[in-house]
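Student: When you number the sequence shown by the UniProt record's numbering, it's gap-free, plus one each residue, and the end is 261. For every residue, glycine included, the Cβ atom is placed at its ideal position computed from N, Cα and C. From a predicted model like this one, the values you see are computed outputs, not experimental measurements. This is the structure, below, for whatever I ask next.
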Amino acid sequence: MAPAVFSELGAQVVVMNNTPDGTNINDKCGAVHPQAMAQRVVEERAHLGVAFDGDGDRAIFADESGNTLDGDYILSICGLELIKKGQLPANTVVATIMSNMGLDLTLAPHKGKVVRTAVGDRYVFEEMQKGGYTLGGEASGHIIFRIHSSTGDGIVTALQVLAIMAEKGKPLSELAKDTIRLPQVQRSLTVSKKPPLDSVPEIQRELKRAKELLNGKGRVVVRYSGTEPKVRIMVEGEDSHLINSLLEDLSRVMERTLREA
């Protein structure tokens, strides 16, 4: 469907990974693996590339130089444009706890703000409904434009980005330059048990220490996977050395406390 939509609108479309055999969905391609798409953009000297996932609700972009842009970039680009037009309710974008803090820093000078939810587009949409917001999404590429749809739609997302590019007369790389990105590191650890994190004093002490060292210039997010025996750790901040050090410290504590019999 996507090639037909873009071709009908006048684009020259180069399609790849469009020969499904029933078993190769998302196999080294699509929004989960956008690297080949990004490289193809450079080879074809295209204006941009878009990688959808198998069910079409996610979109990850590549600019004309082959730089990949995740959902946080798209929330930033679309959020800024809607704020400038006075079309973003309460100047608010809904994102998850895993979205980069740079999104907040990008929108703040324009009187924009970010409301965060648990991970999952279901929670994003629930918050959008509750607050009357119209733009929300995840770094993974699930973007919801509530005036068009109640769920992520990769084609709709791509059309919104293309519309901004056409209206501004700017390449995607120029639009992306306005987005601030803080250094961010993540790690997943296998655990043998999942006690409530706030019930483990050693973990709470380490989290408190990390937040004090970040001094309001970063974030720490620790959560259990809902589908695997894993705990996920995310640390972001202005100082790359500090966040890597904090990730190592947190990982050691998690391994010691959550892998014990």
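For THR179, count neighbouring C-beta atoms within 10 Å of its own C-beta (all shown protein chains included) and say buried if the count is 16 or more, exposed if not.
Tutor: Within the sequence shown, the letter at position 179 stands for residue 179. Buried, since its Cβ has 16 or more Cβ neighbours within 10 Å.
Student: Spatial neighbours of LYS230 within its chain, please: C-beta separation below 8 Å, excluding the five flanking residues on both sides.
Tutor: Numbered from its first residue, the sequence shown carries residue 230 at position 230. Same-chain partners within the cutoff: SER188, LEU189, THR190, VAL191, TYR224.
Student: Which residue wins for smallest C-alpha separation from ASN100, given the options PRO109, ASP121, VAL220, ALA158?
Tutor: Residue 100 sits at position 100 when you count from the first residue of the sequence shown. Nearest C-alpha to ASN100: VAL220.
Student: Quick one: give me the first and last residue of the beta strand (DSSP E) that LEU189 is part of.
Tutor: Here the question's residue 189 lines up with position 189 in the sequence shown. Counting along the chain, the beta strand (DSSP E) containing LEU189 begins and ends at 184-190.
Student: Is the segment 165-174 in contact with the segment 92-112, if contact means three or more CB pairs nearer than 8 Å?
Tutor: no
Student: In chain order, what residues of the same chain lie with their CB nearer than 8 Å to the CB of ALA261, ignoring the 5 residues before and after it?
Tutor: Counting from one through the sequence shown, the residue named residue 261 turns up at place 261. At ALA261 the pLDDT is 47, less than 50, meaning the model places this residue with poor confidence; the figure from the coordinates comes in the next sentence. Only SER192 meet the Cβ criterion.
Student: Quick one: Cα of SER199 to Cα of ILE25, how far?
Tutor: The residue you call residue 199 lines up with position 199 of the sequence shown. The residue you call residue 25 lines up with position 25 of the sequence shown. A straight-line Cα-Cα distance of about 40 Å links SER199 and ILE25.
Student: Let's test the definition: count the other Cβ atoms within 10 Å of the Cβ of ASP55 and tell me whether it reaches 16, buried, or not, exposed.
Tutor: Translated into positions along the sequence shown, residue 55 becomes position 55. Exposed, by the Cβ-count rule.
Student: Using the Cβ count rule (16 or more neighbours within 10 Å means buried), how would you classify GLN184?
Tutor: Against the sequence shown, residue 184 aligns to sequence position 184. By the neighbour-count rule (16 or more Cβ atoms within 10 Å), GLN184 is buried.
Student: Given GLY66, which residues of its chain have a CB within under 7 Å of its CB, disregarding the five upstream and five downstream residues?
Tutor: Mapped onto the sequence shown, residue 66 falls at position 66. Only ALA38, GLN39, VAL41, VAL42 meet the Cβ criterion.
Student: Taking 8 Å as the threshold, find out whether the segment 240-253 comes into contact with the segment 202-215 through three or more Cβ pairs.
Tutor: yes
Student: Please state the DSSP three-state secondary structure of LEU69.
Tutor: One-based indexing of the sequence shown puts residue 69 at position 69. Reduced to three states, the DSSP call for LEU69 is strand.
Student: Could you tell me the alpha carbon to alpha carbon distance between GLY169 and ASN91, rounded to whole angstroms?
Tutor: As a working mapping, residue 169 is identified with position 169 in the sequence shown. As a working mapping, residue 91 is identified with position 91 in the sequence shown. About 24 Å.
Student: Among the candidates ASP57, LEU182, VAL14, ILE74, whose CA atom is the shortest distance from the CA of ALA46?
Tutor: On the sequence shown, residue 46 is found 46 positions in, with the first residue counted as 1. With distances taken between Cα atoms, ALA46 lies closest to VAL14.
Student: In terms of residues, what are the limits of the beta strand (DSSP E) holding VAL231?
Tutor: To locate residue 231, count along the sequence shown from 1; it is residue 231. VAL231 -> beta strand (DSSP E) spans 230-237.
Student: How should THR117 be labelled, buried or exposed, when 16 other C-beta atoms within 10 angstroms of its C-beta is the threshold for buried?
Tutor: In the sequence shown, counting from the first residue as 1, residue 117 sits at position 117. Buried is the call here.
Student: Can you grab the Cα-Cα spacing for the pair GLU126 / GLY10, in whole Å?
Tutor: Taking the sequence shown and counting its residues from 1, one reaches residue 126 at position 126. Taking the sequence shown and counting its residues from 1, one reaches residue 10 at position 10. Approximately 36 Å, taken between the alpha carbons.
Student: Which first and last residues belong to the beta strand (DSSP E) in which ILE60 is found?
Tutor: One-based indexing of the sequence shown puts residue 60 at position 60. Taken as a continuous stretch (DSSP letters only), the beta strand (DSSP E) holding ILE60 covers 59-62.
Student: Just to confirm my understanding: we take ARG146, look at its own chain, exclude 5 residues before and 5 after, and list those with CB closer than 6 Å. What are they?
Tutor: One-based indexing of the sequence shown puts residue 146 at position 146. The answer, listed in chain order, is MET128, THR134.
Student: Can you tell which of SER7, LEU172, ALA62, PHE6 has the C-alpha that lies nearest to the C-alpha of GLY30?
Tutor: The residue given as residue 30 occupies position 30 in the sequence shown. The candidate whose alpha carbon is nearest that of GLY30 is ALA62.
Student: Using CA coordinates, which residue listed in LEU247, ASP27, LEU159 is at the minimum distance from SER7?
Tutor: Walking along the sequence shown from the start, residue 7 turns up at place 7. With distances taken between Cα atoms, SER7 lies closest to LEU159.
Student: Smallest Cα separation from PHE52: which of LEU69, GLU44, PRO34, VAL161?
Tutor: Your numbering for residue 52 matches position 52 in the sequence shown. The candidate whose alpha carbon is nearest that of PHE52 is PRO34.
Student: May I ask you to report which of helix, strand or coil DSSP gives ILE77?
Tutor: Reading the sequence shown from its first residue, position 77 is the one you call residue 77. Helix at ILE77.
Student: Spatial neighbours of ARG209 within its chain, please: C-beta separation below 7 Å, excluding the five flanking residues on both sides.
Tutor: Taking the first residue of the sequence shown as position 1, residue 209 is located at position 209. A distance below 7 Å between beta-carbons, with the five flanking residues on each side excluded, links ARG209 to no residue of its chain.
Student: Using CA coordinates, which residue listed in VAL124, GLY132, SER150, GLU236 is at the minimum distance from SER140?
Tutor: Against the sequence shown, residue 140 aligns to sequence position 140. The residue with the shortest Cα to Cα distance from SER140 is VAL124.
Student: If I measure Cβ to Cβ from VAL114 and keep anything under 6 Å in the same chain, skipping five residues before and after, which residues do I get?
Tutor: Locating residue 114 in the sequence shown gives position 114, where the first residue counts as 1. Cβ neighbours of VAL114 beyond the five flanking positions: VAL93, ALA95, LEU103, ASP104.
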